[in-house]
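As structure tokens, the structure follows; a few thoughts come after it.
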Amino acid sequence: MEARVCVLAGDGVGKEVTTESMKVLEAICKKFDHNFEFIHALVGGAAIDKYNNPIPSESMNLALGSDAILFGAVGGPKWDNPSADMRPEDAILALRKRLGLYANMRPVKVYPELIHSSPLRPEYLKDVDFVIVRELTGGLYFGRPKRRSASTRGRRAVDTLAYSEKEIARVVRVAFELAKSRRKRLHSLDKMNVLETGRLWREIANEVSRDYPEVELIHMLADNAAMKIITNPSDFDVIVAENSIGDILSDEASVITGSMGMLPSASLASSPPPPGKRRGRRGRPALYEPIHGSAPDIAGHNVANPVASFLSASLMLRWSFGLHEEADEIENAINKIISEGYRTVDIAGENDHKLSTSQMGDLVAGIISSGPKT
Ligand code: IPM
Ligand code: MG
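Have a look at this one:
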């Protein structure tokens, strides 16, 4: 098949990991006779430096005109001045909003071989395999008013947490669909004991659940969930939550697995298509990105873990292009190198083979190229 993939590498390690993902995707294309055209555009701090705009319209238009977006990361200390009137992060927020990517899927899976990299005791980590479905275009991130003001009593700032029924229902539905295809358990998080939006969230989740009698719906207060994610992570199958709650809990959840460098994400404008089907061509492009950020402390040193980006590329094949066999190839190659002890430094133990970012890319691409189709 032919596809246009918009590569928005961004800043810091974003560039290093997406370069390696393209190697991996090229190996897939060669093996399965596909043709991906990679279109590169500037976003984030790099775009601020060149165009004084974190997401110039040319980059936005290239993204809009593509079949899927492979995103790296944005941000860095250079652009961190809190009083600056633009930030690299505005790029990803604008993309999410403009492309209508309301459902952010963040799978959290523990690789048995990496259990020692987790700060949690191994007995807590058995069978951990859940997905956080984070609402991505509403909630506290986007509500209006959102502003700073000065008064005689000092500076003031306001952000707004607002949701419409429709915004809640569509993301909860995506989560139910996903739970239906997995272990049929959905935890819906809210702060209904304090927030009006939390009460609406719970009400809508109950209403949507009528269409999914086979899925067990469990409501949980978000703060309680923060504790349970650490004490009972294997209890979860699918979790759905408001934008900022999902943001915070997904970083927390990444710690369980031992490295943020292993976790991919997909931001979608609809439910993922069922296995075997591909998303309609006319649908809006989905965006795939590692959950880790630009990691300025290690950027440029060729040490970042590219696996989260590889897994994001694999989700792209699966969910945007319906290429499940090809996605399996990437995941199998990653499982193979992990089981053989190849690691970047973030997860390497004493006896592991330590590889750089680019060596990981070469290794995974090489396994895909040289092996038979799995
Ligand atoms: C994430 C990140 C972003 C967010 C930042 C970079 C704006 O933390 O994708 O989780 O807060 O959504
Ligand atoms: Mg985050």
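Just so we're aligned, residue 7 is where the sequence shown starts under our numbering, counting upward by one.
Cβ atoms here follow ideal geometry from the backbone N, Cα and C, with glycine treated the same way.
Note that the coordinates shown come from a computational prediction; the quantities given were computed from them, not determined experimentally.
Bridge-paired residues (DSSP) for residue i
i	result
residue 298	The partner list for residue 298 (beta bridge, DSSP) is empty, contrary to what the question assumes.
residue 135	115
residue 42	9
residue 193	224, 245
residue 327	According to DSSP, residue 327 bridges with nothing at all.
residue 163	154
residue 360	349
residue 273	110, 293
residue 141	109
residue 16	79
CA-to-CA distance, residue j to residue i, given in whole angstroms
i	j	result
residue 57	residue 237	47 Å
residue 103	residue 162	26 Å
residue 47	residue 65	5 Å
residue 140	residue 98	15 Å
residue 107	residue 101	8 Å
residue 276	residue 78	22 Å
residue 250	residue 148	10 Å
residue 132	residue 240	7 Å
residue 372	residue 29	9 Å
residue 63	residue 53	11 Å
residue 158	residue 83	32 Å
residue 207	residue 326	28 Å
residue 145	residue 25	33 Å
residue 368	residue 224	44 Å
residue 76	residue 12	6 Å
residue 292	residue 272	7 Å
residue 359	residue 341	15 Å
residue 61	residue 171	30 Å
residue 4	residue 168	Residue 4 falls outside the range modelled here, since the chain spans only 7 to 380, and no answer is possible.
residue 134	residue 260	11 Å
residue 70	residue 160	42 Å
residue 180	residue 130	28 Å
residue 374	residue 380	9 Å
When the options are compared against residue i, the one with the closest alpha-carbon
i	options	result
residue 383	312, 244, 38	Absent from the structure is residue 383, since the part of the chain shown begins at 7 and ends at 380.
residue 203	60, 224, 247, 183	247
residue 265	208, 117, 138	117
residue 136	225, 26, 245, 9	245
residue 190	364, 153, 126, 222	222
residue 231	294, 268, 32, 255	255
residue 105	342, 274, 333	274
residue 128	263, 356, 348	263
residue 73	149, 26, 61, 45	45
residue 333	370, 309, 344	370
residue 376	158, 335, 330, 359	335
residue 92	181, 67, 55	55
residue 153	309, 179, 89, 295	89
residue 120	357, 364, 11	357
residue 143	113, 81, 176	176
residue 331	27, 24, 26, 37	37
residue 39	9, 200, 317, 81	9
residue 298	51, 35, 112	112
residue 329	13, 41, 12	41
residue 295	310, 289, 269	269
residue 31	343, 180, 316	316
residue 257	114, 166, 278, 272	114
residue 5	49, 167, 185	Residue 5 lies beyond the stretch modelled for the chain, which goes from 7 to 380, so this question has no answer here.
residue 185	228, 243, 160	243
residue 301	122, 267, 33	267
residue 198	219, 229, 173, 179	229
residue 123	344, 201, 380	344
residue 219	59, 125, 183	183
Chain D contact for residue i (CB, 7 Å cutoff)
i	result
residue 67	Annotation note: the requested chain D is absent from the structure, which comprises a single protein chain.
Around the ligand IPM, Cβ to any heavy atom closer than 5 Å, ordered along the chain: 95, 253
Contact between the region 321-330 and the region 347-354 (3+ Cβ pairs under 8 Å): no
Cβ contact check for the region 178-194 and the region 213-223: 3 or more pairs under 8 Å: yes
Stretch-stretch touch, CB-based, cutoff 8 Å, three pairs: the region 298-311 with the region 16-27: yes
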